[in-house]
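For the protein sequence lines, the chains are A and B, in the order given. Using numbering that gives the first Met the number 0, read the first sequence as starting at 0 and increasing by one per residue. Using numbering that gives the first Met the number 0, read the second sequence as starting at 0 and increasing by one per residue. Backbone N, C-alpha and C fix where the C-beta goes; we use that ideal spot for every residue, glycine too. Read the structure below first, then the notes.
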Amino acid sequence: MNASPTATTLGARQHARAQEGTVVDAMPTVPASRWPDPPDGVAAADLTWATVVAGGGYAHRSLARGTHVRLRDLTGDACAHVLLLRADEPWERLNPADTTKVAWQVYTAPGQLLLSDAGRVLATVVEDTSGHHDALFGTTTRARNEARYGDGSAQGPSPAGRELLALAAAKHGLGRRDVGPTVSFFSGVTVGPDGAPRWTGSAGPGAHVTLRAEVPLLLLVANTAHPLDPREAFTCSPLEVLAWRGEPTGPGDPLWTAAPEGRRAFENTAEHLTAQGIA
Amino acid sequence: MTATSTATSTATKTATKTATKTAVLDVVVPARAPWSAVLSAGQELRVVDLEGNQAVDFLLYDAADPTLRYSAQDTLQAQDTIFLSTGSVLRDCEHGALMTVVADEVGRHDTLGGACSQESNTLRYGHHTAGQHACVENFLAEGSLHGLGKRDLVSNINWFMNVPVDPDGSLGIVDGLSAPGKSLTLRAERDVLVLVSNCPQVNNPCNGFDPTPVRMVITEGGRA
């Protein structure tokens, strides 16, 4: 009779420990400095977060002010649904209505300020090679994905963005009430003259967008199909996330004065953080 | 004074018209004020823009479970335009139906522009506006009476507010399309709490630079 190799605590421990080194498509690299291919101009030692999120997966991290986060659509069917909150005061969170209204612009582009509900800048878009994004239509729900694909649970084959973001929020002590409106990257929507939305899909493999944290930032990201994605089959491919140490936007940066509304947002943010001893 | 007398005569005329229905509530919400009400499933709420071009900032919640709250994004996902009008189903954050627009005399309303706040006013107009009254103040004050707080505020509806999106993505609050006495009617698809800010904004055209009262009429549904 063959004894099972995991029949004893010793055997189970040896079995568990032998698994290290397994490589799968979607996994974190820890420490991030081991990431093999840092962005141009970024020292490997400055990387603070490196992970690949599977289609239908999620990621989340509390990030220092000044951190740069690059999201990359590896094979062309990622869709990053992003919720931003203040890491230290999470009742202040992304407000897509203010983000678009204050900028007089609904389309995401380099220089966009992702504003909170408190007249401050949570993050800025500093680089974008995609141009296919959406700040209007939000993420998917379990009920809608069940109706469209037959399942919307977080662990199922077609997870809803709200389910994934609720899990990410929960891991920071937050609940579903904290999962407010979101923006998404890599799956574009335009608005026609009659007000009708048109889904424009992705910009193809390899497109990336880089965000800069302007405050202590909690970033929650769900990688799942866009709500207006018309394809019958749930389609979502891996998302790469890299973060590195950096500096927040300062008064000498052209973005600080690019628009009067933005300048006042930066000024409000700086004053708030200075009073807290953060800036 | 002229504006006030116009409002009174409009309200009287409309009250006569609705007298054949069972009026559960018929109130005028003063300019700049908050308001809230709970509607039972099937009841209807008529919002009357008494003096014309008065933005009515509007949030709604499942009365039994206010974590189920209005979602502008879910509402827009389920229709083929960014504007709200007759037929629009106002959905919650889990995609369920809260209310339906069953009549609309204006043609289109906004759910992209969000609510004005003291904080965002400083960005849009300058720091001299930091002390002005704003919709978020109304939402917070009225919401607190129902146990709701800042975490429960999300992108809202702006009845009677005109927010076009240009081909280049430019979005802005521009002169309104409404007129004195125009109204819209909503049917509750389940028991709902509605939270209203009669918008006090004076720095853009959403209220014609002059906030005015609006009328709220709740009736039993099922009318022809």
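Ser152 of chain A to Ala232 of chain A span [Cα, whole Å]
16 Å
Does any residue of chain A bring its CB to less than 8 Å from the CB of Cys198 of chain B?
no
Determine, using beta-carbon pairs with one atom in the stretch 105-118 of chain A and one in the stretch 39-58 of chain B, whether at least three such pairs fall under 8 Å.
no
Check Phe57 of chain B in the structure and name its three-state DSSP category.
strand
Chain-order list of residues whose beta-carbon lies under 6 Å from that of Gly179 of chain A (same chain, five-residue window excluded):
Arg92
Per-residue burial, His131 of chain A [other beta carbons within 10 Å of its own, 16 or more giving buried]:
buried
Measure the alpha-carbon distance for Lys170 of chain A versus Leu82 of chain A and round it to whole angstroms.
14 Å
Taking 8 Å as the threshold, find out whether the stretch 235-244 of chain A comes into contact with the stretch 61-70 of chain A through three or more Cβ pairs.
yes
What does Val164 of chain B reach in chain A if we use C-beta pairs closer than 8 Å?
Val105, Val190 and Gly194
Taking Trp90 of chain A as the query, report the chain B residues whose CB atoms sit under 9 Å from its CB, ordered along the chain.
Gly148, Lys149 and Arg150
Just tell me which of A:Gly205, A:Pro204 and A:Gly200 has its CA closest to the CA of Pro226 of chain A.
A:Gly200
If you measure from the beta carbon of Gly207 of chain B to each beta carbon in chain A, is any gap under 8 Å?
no
Is it true that the stretch 136-149 of chain A meets the stretch 114-126 of chain B, where meeting means three or more beta-carbon pairs spaced less than 8 Å apart?
no
Inter-residue Cα distance where the pair is Ala62 of chain B and Pro196 of chain A:
31 Å
From Ala44 of chain A to His127 of chain B, what does the alpha carbon distance come to, in whole angstroms?
46 Å
Where Ala212 of chain A and Val23 of chain A are concerned, what is the direct C-alpha to C-alpha distance, given to the nearest angstrom?
29 Å
Are the stretch 151-166 of chain B and the stretch 29-45 of chain B touching by the rule of at least three beta carbon pairs closer than 8 Å?
no
Buried versus exposed call for Val26 of chain B [16 or more other C-beta atoms within 10 Å across all chains shown]
exposed
Residue-chain proximity (Ala71 of chain B, chain A), Cβ-Cβ < 8 Å:
yes
Any beta-carbon of chain B closer than 8 Å to the one on Pro180 of chain A?
yes
C-beta neighbour in chain B for Phe136 of chain A, strict 8 Å:
yes
Looking at the secondary structure, which residues open and close the alpha helix (DSSP H) in which Asp72 of chain A lies?
Asp72 of chain A -> not in any alpha helix (DSSP H); beta strand (DSSP E) instead, spanning His67 to Asp72.
DSSP on Gly249 of chain A, reduced to helix/strand/coil?
coil
List the endpoints of the continuous beta strand (DSSP E) containing His59 of chain A.
Gly56 to Leu62
Would you mind giving the Cβ-Cβ distance between Ala30 of chain B and Pro210 of chain B, rounded to the nearest angstrom? I have them listed as a contact below 8 Å.
4 Å
Run through chain A and tell me which residues come within less than 9 Å of Ser143 of chain B, C-beta to C-beta.
Those do not exist, as Ser143 of chain B stays about 14 Å from chain A at its closest Cβ, beyond 9 Å.
Looking at chain A, is there any beta carbon in it that lies within less than 8 Å of the beta carbon of Thr11 of chain B?
No answer about Thr11 of chain B holds up, because its pLDDT of 42 lies below 50 and its placement is not dependable.
Sequence-distant residues of the same chain with beta carbon closer than 7 Å to Gly75 of chain A, five excluded per side
Ser201, Gly203, Pro204 and Ser236
To which residues of the same chain is Thr98 of chain A closer than 8 Å at the C-beta, ignoring the five residues directly before and after it?
Gln111, Leu112, Leu113, Leu114, Ala134 and Val182
Status (buried if at least 16 other CB within 10 Å, exposed otherwise) for Ser8 of chain B
Per-residue confidence for Ser8 of chain B stands at a pLDDT of 38, beneath the threshold of 50, marking its modelled position as unreliable; the derived number appears in the next sentence. The residue in question, Ser8 of chain B, is exposed, as its Cβ has fewer than 16 Cβ neighbours within 10 Å.
Could you check what DSSP says for Gly221 of chain B in three-state terms: helix, strand or coil?
coil
Taking Pro226 of chain A as the query, report the chain B residues whose CB atoms sit under 7 Å from its CB, ordered along the chain.
Gln76
Can you give me the start and stop residues for the alpha helix (DSSP H) that Thr8 of chain A sits inside?
Thr8 to Arg16
Compute the Euclidean distance between the alpha carbons of Asp165 of chain B and Leu192 of chain B, then round it to the nearest angstrom.
34 Å
Does any CB atom of chain A fall closer than 8 Å to the CB of Ser8 of chain B?
Only weak support exists for where Ser8 of chain B lies, its pLDDT of 38 falling under 50; the value from the coordinates is given anyway. Not an interface residue.
Neighbour-count burial assignment, Asp167 of chain B, 16 or more Cβ in a 10 Å radius:
exposed
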